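In my numbering, the protein residues as written are 474 to 585.
If you want it as structure tokens, here you go:
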């Protein structure tokens with residue numbers, strides 16, 4: 474995961490929203506990624522369903538989140554990056570693939 478969500482950053486892989494929580498911490502880990510260009514790390518994000526696992530591994534260990542819902546939102550719906558009181562993760566990408574008309578957002582809760 475790279476720091477930042479600029480298009481050039483996302484060309485290398487998933488980008489961590491600056492200022493959002495890091496995996497395993499209290500708060501909202503916000504991560505964006507491409508679905509159709511470059512590495513396409515989120516190309517199948519629309520196939521995630523409640524109960525699926527999202528796994529982050531870093532120097533501090535492995536952090537497992539469980540998907541609780543998937544929504545389609547407008548680009549102006551910046552509430553998706555809001556901090557949360559409990560450890561959560563939010564993945565987002567453009568939707569539909571190849572378009573910037575909307576965003577697909579996956580919400581998940583830390584389970585271990």
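The C-beta atom is built at its ideal place from N, Cα and C for all residues, glycine as well.
Treat the numbers as computed from the prediction; the structure is a model and nothing was measured.
Distance CB(residue i)-CB(residue j) smaller than 9 Å
i	j	result
residue 571	residue 508	yes
residue 486	residue 474	yes
residue 536	residue 545	no
residue 519	residue 489	no
residue 496	residue 550	no
Span of the alpha helix (DSSP H), counted from its first residue to its last, around residue i
i	result
residue 482	480-483
Inter-residue Cα distance where the pair is residue i and residue j
i	j	result
residue 506	residue 484	8 Å
residue 589	residue 498	As shown, the chain starts at 474 and ends at 585. That puts residue 589 outside it, with no answer to give.
residue 521	residue 540	7 Å
residue 524	residue 560	16 Å
residue 482	residue 476	8 Å
residue 538	residue 574	28 Å
residue 554	residue 526	20 Å
residue 494	residue 558	11 Å
residue 500	residue 552	14 Å
residue 585	residue 533	13 Å
Where the beta strand (DSSP E) through residue i begins and ends
i	result
residue 582	575-583
residue 566	561-568
Nearest-angstrom Cβ-Cβ length linking residue i and residue j, presumed shorter than 8 Å
i	j	result
residue 564	residue 504	5 Å
residue 556	residue 576	Not a contact, Cβ separation roughly 19 Å.
residue 579	residue 543	5 Å
residue 562	residue 581	4 Å
>> If we require 3 or more residues per run, which beta strand (DSSP E) segments fall completely within the stretch 478-549?
In response: The stretch 478-549 contains these whole beta strand (DSSP E) runs: 501-505, 526-531, 534-546.
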